[in-house]
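My numbering puts the first residue of the sequence shown at 7, with every later residue one more than the last. Quick reminder that beta carbons are idealized off the backbone N, C-alpha and C, glycines included. Fair warning: this is a prediction, and the values are worked out from it, not measured in the lab. Read the structure below first, then the notes.
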Amino acid sequence: MGDALAVVRLLVARGADVDRPTDTDYGGGAMGYAAHFGRHEIAAFLAPYSRDAVEMVALGMTDRLATLFAQEPALINTPHPKFATLPLFALPEGEEEAARMAAFLLDRGADPSACDKDGVSAEQAARDRGLIDAADLIRDAAERVSPPLNPTPRR
Numbered sequence: 007m008g009d010a011l012a013v014v015r016l017l018v019a020r021g022a023d024v025d026r027p028t029d030t031d032y033g034g035g036a037m038g039y040a041a042h043f044g045r046h047e048i049a050a051f052l053a054p055y056s057r058d059a060v061e062m063v064a065l066g067m068t069d070r071l072a073t074l075f076a077q078e079p080a081l082i083n084t085p086h087p088k089f090a091t092l093p094l095f096a097l098p099e100g101e102e103e104a105a106r107m108a109a110f111l112l113d114r115g116a117d118p119s120a121c122d123k124d125g126v127s128a129e130q131a132a133r134d135r136g137l138i139d140a141a142d143l144i145r146d147a148a149e150r151v152s153p154p155l156n157p158t159p160r161r
């Protein structure tokens with residue numbers, strides 16, 4: 007993979023805006039590219055410079071997210087500037103990782119009743135990805151906030 011991390015270090019040292027989205031239809035900021043291509047070493051380097059909560063959620067970077075949400079609590083419910091994805095919709099792959107991240111986000115104030123731009127709930131989005139434990143956590147949190155009028159029996 008060459009020495010991509012060295013190039014990233016140089017760009018950051020020269021003042022690159024790591025959260026600036028690209029002009030393409032595909033690109034978010036540098037953190038998005040690191041997440042998309044699985045470059046965890048680059049993501050770890052970029053994390054202290056980034057406010058891209060959505061990509062850090064997908065990468066499972068709870069330490070940086072805890073700091074970021076403590077500094078800017080509103081970020082937990084702020085959509086990605088380019089893709090409009092909320093952090094609760096960007097859960098990592100893997101049932102256990104996703105459930106841990108969902109609990110982490112909900113404990114810090116993520117809105118469990120949030121819907122995406124197509125009207126799909128965070129619970130349904132997680133369920134559609136096969137993240138059943140995370141979906142159940144989101145559903146339970148949403149019911150605590152706004153109990154259903156006609157609850158359906160649980161399976």
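Give me the Cα-Cα distance between G125 and D9, rounded to the nearest whole angstrom.
Rounded to whole angstroms, G125 to D9 spans 42 Å at the Cα level.
Mapping DSSP to helix, strand and coil, what is A140?
Correct three-state label for A140: helix.
Got a sec? Which residues, its chain only, sit under 7 Å from L143 by beta carbon, not counting five neighbours each side?
Closer than 7 Å at Cβ, skipping near neighbours: A105, A108, A109 and L112.
Mark S127 as exposed unless 16 or more other C-beta atoms lie within 10 angstroms of its C-beta, in which case mark it buried.
Buried, by the Cβ-count rule.
Does the beta-carbon of M7 have 16 or more other beta-carbons within 10 angstroms, so that it is buried, or is it exposed?
The predicted position of M7 is uncertain, since its pLDDT is 49 and thus under 50; a value taken from the coordinates is nonetheless stated next. Counting Cβ neighbours within 10 Å, M7 comes out exposed, since fewer than 16 surround it.
Pull up the distance between the alpha-carbon of A116 and that of L94, whole angstroms please.
So the two alpha carbons sit approximately 7 Å from each other.
Using CA atoms only, rank isn't needed, just tell me which of D134, C121 and G136 is closest to A148.
Of the listed residues, the one whose Cα sits closest to A148 is C121.
From D134 to A72, what does the alpha carbon distance come to, in whole angstroms?
Distance between the alpha carbons of D134 and A72 is about 27 Å.
Using the beta-carbon count (16 or more within 10 Å), is F75 buried or exposed?
Buried is the label assigned to F75, since at least 16 other Cβ atoms lie within 10 Å of its Cβ.
Give the range of the alpha helix (DSSP H) segment to which A64 is assigned.
Element bounds for A64: A59 to L65.
How long is the line joining the alpha carbons of A141 and R20, rounded to whole angstroms?
Spanning the two alpha carbons is a distance of roughly 42 Å.
Pairwise C-alpha distance: L92 and V63
Spanning the two alpha carbons is a distance of roughly 10 Å.
Compute the Euclidean distance between the alpha carbons of A40 and L17, then round it to the nearest angstrom.
So the alpha carbons of these two residues sit roughly 14 Å apart.
Report the partner residues of S127 according to the DSSP bridge assignment.
Its beta-bridge partners are C121.
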